[in-house]
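If you read the protein sequences in the order shown, they are chains G and Z.
Each residue of the first sequence is one higher than the one before, counting from 10 in the working numbering.
Each residue of the second sequence is one higher than the one before, counting from 49 in the working numbering.
Even for Gly, the Cβ is constructed at its ideal location relative to N, Cα and C.
As the structure is a computational prediction, the values presented were derived from the model and not from experiment.
Structure first, then comments.
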Amino acid sequence: MKMMTRATVLLLALATAACTNPDRFGGAGGADGANGADGANGANGGLAGSASDPTSPAYFNQAIGDRVLFAVDTSTITPTGKTILDGQAQWLLTNADYRAVVEGHADEQGTREYNLALGQRRANAVREYLVSRGVPSSRLQVTSFGKERPIEVCSEESCYAKNRRAVTVLSFSAITS
Amino acid sequence: MKRLLTLLLALMLASPALAQSGPLRLTITDGVIEPITVAVPTFQAENGAAGQVAADISRLVVQDLAGTGLFREVPASAFISQVSSFVQPVAYADWRAVNAQGLITGAVTVNGNQLVVKFRLYDVFSGQELGQGQQLVGTVDGWRRMAHKVADATYSRITGEGGYFDSRVVFVSESGPKDNRQKRLAIMDYDGANLQFLTDSSAIVLAPRFSPNGDRVLYTSFESGFPRINVLNVGNVSRQQLGTAQGEMAFSPRFSRDGRQVIYSLSNGGNTDIYRTDLGTGQHVRLTSAPSIETAPSLSPDGSQIVFESDRSGTQQLYIMPANGGDARRISFGDGRYGTPVWSPRGDLVAFTKQNAGRFHIGVMRTDGSEERLLTSSFLDEGPTWSPNGRVIMFSRETQGAGGTSSMYSVDISGRNLKAVPVQGGASDPSWGPLQP
């Protein structure tokens, strides 16, 4: 119930933009294969449910945190990242109808090919951590967008730090099978 | 030492302009450059319908040649002699007087959509024709290709090397802001003309690569949400996906020299290695097997070796291994990180992207790693591709900051003649195709 209070506060910050991608709930900065971006943090709240509902993707995205960040050219999960991923694992175990694609990203300082491979490493590190916390590996896929989908656009470390990320993007099992 | 070599390697005239003793010849080798001077009087229009296209072709021949930095146009305002007929004898003394070393004359006929171009190249100071007069037949729509062919023949006769003007480039056309960039495959002539789109912008596409004869293009597409390799037929724009298992990512493809196989990177379980797939049988072969990132493979022209990048040493470096896999030897040893190696069509050099001290460079080195030369320097240069004759490199350059955009540049392997490739909008990941037949 203590969590509920926090989630209610977060709800106020939720955007209500409609999602055009019905099988996805991970709008918080997750990229998809389409050239269109999913928008900034908190988009897709409309279909992601209410952040006050701990079983909703919105709660996963907002209250737990859908992403972890990485240091330059590494795929090591930080202590902060582990806390977030512990929460993600717990949520995924409780909400067994959901699957996830972990999307790895890199900052712009690197070649296109290397960054795709680096993003894959990051996404896989997250997947392995979630599996180590009991999430069935069959529910987790990984992909990488390399440097193709930054969420911050400046060419400084303040932006790069946010772009070096792995985002856990939820989808509903029944739809993606 | 490296800097000294950079200075030494430049394009050179075999003999100074006025002291030319032998036939007109430009040896592209180490040394200093003095461009060959050429006069290109407007080609004769042999009938009324040919007037405009004759003028256009003449201008484009000059543009191609002058664009190399190896030739300089003698302006028409300096001409003493006028060429009023394609068959009249050349008044060499008049062309010598304006210091034109080369003279190109031509004649153009238009019949309906048929275009006939005749041209001759003269060595003014030797007072003789260089090679033989040539006649090209094509369509009026294809006039640019005809001009490129005249320029290619001229370049080739004077340098003794193949040209690169009648060639095309496939690349990624970009629009939109940095955090929502729209990317689609596009193809154009080497000089930016005749741009056509090959895909729409519904999915991210990356790094197209021409087949050796230019009939197909490999590229990476995110249409499935996962990077996968597509093979696109340039003629009918049909495409098919290279078979990839679920959970795998495939990217960074290149054709083998016979166009039947693809070498590429496959990522699975956080590890990226190099594989080869036969397009006919669909059979896969794994070529590297290391826990590090192995990517950006490129075959030697004889097909016997692969140059690739790996971070097995801790940072990205370049390695060469046999085409069927096996022991790899490291060839890059300078400061910084090296990626996206591409074997030159002549087999002697490897072009690469280098990242060092916060800057990116396009460079070349010999295949044993010696004689490294950096040709460019900017906030972000990457992805070199070779001209068909191995003398010029095209690459992507991205500018810094929130408003950063990508465009394509070319540079001679001497480091000279750096210039933007004129394309409307953003452009990245060029792949330079072969000289067209």
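- Using a Cβ-Cβ cut-off of 8 Å, Asn104(G) does not count as an interface residue toward chain Z, since no Cβ of chain Z sits closer than that to its own.
- Between Gln364(Z) and chain G, the shortest Cβ-Cβ separation is below 8 Å.
- When DSSP states are grouped into helix, strand and coil, Arg334(Z) belongs to the strand group.
- Put simply, of Asn70(G), Ala109(G), Glu157(G), Thr87(G) the residue whose alpha carbon is nearest the alpha carbon of Arg148(G) is Ala109(G).
- For the 8 Å CB-CB criterion, Tyr386(Z) and Gln365(Z) form a contact.
- Cβ-Cβ separation between Asp306(Z) and Gly283(Z): approximately 19 Å, too far for a contact (criterion under 8 Å).
- For the pair Thr85(Z) and Gly117(Z), the Cα-to-Cα distance works out to about 11 Å.
- Near chain G, meaning a CB-to-CB distance below 8 Å, the residues of the stretch 296-308 of chain Z are Met297, Phe299, Ser300.
- For the pair Pro89(Z) and Ser174(Z), the Cα-to-Cα distance works out to about 19 Å.
- The beta-carbon separation of Asp429(Z) and Phe408(Z), rounded to 4 Å, stays under the 8 Å limit for a contact.
- Within the model, the alpha-carbon separation for Ala115(G) versus Val146(Z) is close to 58 Å.
- Residues of the stretch 155-171 of chain G with a C-beta atom less than 9 Å from some C-beta of chain Z are Gly155, Glu157, Arg158, Pro159, Ile160, Glu161, Val162, Cys163, Ser164, Glu165, Cys168, listed in chain order.
- Secondary structure note for Lys402(Z): its beta strand (DSSP E) is the uninterrupted segment 397-404.
- Beyond the five residues adjoining it in sequence on each side, Val158(Z) comes within less than 7 Å, by CB distance, of Asn95, Ala97, Ala98, Val101, Val188 in the same chain, given in chain order.
- Under the DSSP assignment, Asp237(Z) falls in the beta strand (DSSP E) whose first and last residues are 230-237.
- In its chain, beyond the 5 residues on either side, Pro71, Leu72, Gly150, Leu169, Tyr170, Asp171, Arg205, Ile206 have a beta carbon closer than 8 Å to the beta carbon of Leu178(Z).
- The three-state reading of DSSP puts Ser380(Z) in coil, since its state is none of H, G, I, E or B.
- Spatial neighbours of Asn228(Z) in its own chain (CB-CB distance under 7 Å, excluding positions within 5 residues in sequence) are not present.
- Chain G places no beta carbon closer than 8 Å to that of Pro256(Z), leaving this residue out of the contacts.
- Taking 8 Å as the threshold, the shortest C-beta distance from Ser425(Z) to chain G does not fall below it.
- When the Cα atoms are used, Ala105(G) and Leu125(G) turn out to be separated by approximately 30 Å.
- Residue Leu243(Z) holds the alpha-carbon nearest to the alpha-carbon of Pro470(Z) among Leu243(Z), Gly208(Z), Phe274(Z), Glu271(Z).
- Lys467(Z) counts as exposed, since fewer than 16 other beta carbons sit within 10 angstroms of its beta carbon.
- For Gly154(Z), the enclosing beta strand (DSSP E) covers residues 150-159.
- The DSSP assignment places complete beta strand (DSSP E) segments of no fewer than 3 residues inside the stretch 82-169 of chain Z at 84-87, 119-121, 150-159, in order along the chain.
- In this structure, the straight-line span from the alpha carbon of Gly451(Z) to that of Val164(Z) is close to 47 Å.
- The beta-carbon of Thr320(Z) is placed less than 8 Å from the nearest beta-carbon of chain G.
- Straight through space, the alpha carbons of Ile368(Z) and Leu347(Z) are spaced by roughly 9 Å.
- Residue pairing from DSSP places Tyr267(Z) in a beta bridge opposite Asn278(Z).
- Contact annotation: Pro436(Z) and Tyr212(Z) have beta-carbon atoms nearer than 8 Å.
- Of the residues Val459(Z), Ser340(Z), Arg308(Z), Thr329(Z), the one whose Cα lies closest to the Cα of Ile322(Z) is Ser340(Z).
- In terms of Cβ geometry, Ile86(G) and Tyr138(G) form a close pair [threshold 8 Å].
- Contact annotation: Ser380(Z) and Thr433(Z) have beta-carbon atoms that are not nearer than 8 Å.
- At least one CB of chain G lies nearer than 8 Å to the CB of Lys226(Z).
- For Glu446(Z), the secondary structure class from DSSP, reduced to helix, strand or coil, is strand.
- The straight-line gap separating the alpha-carbon atoms of Tyr457(Z) and Phe245(Z) is approximately 20 Å.
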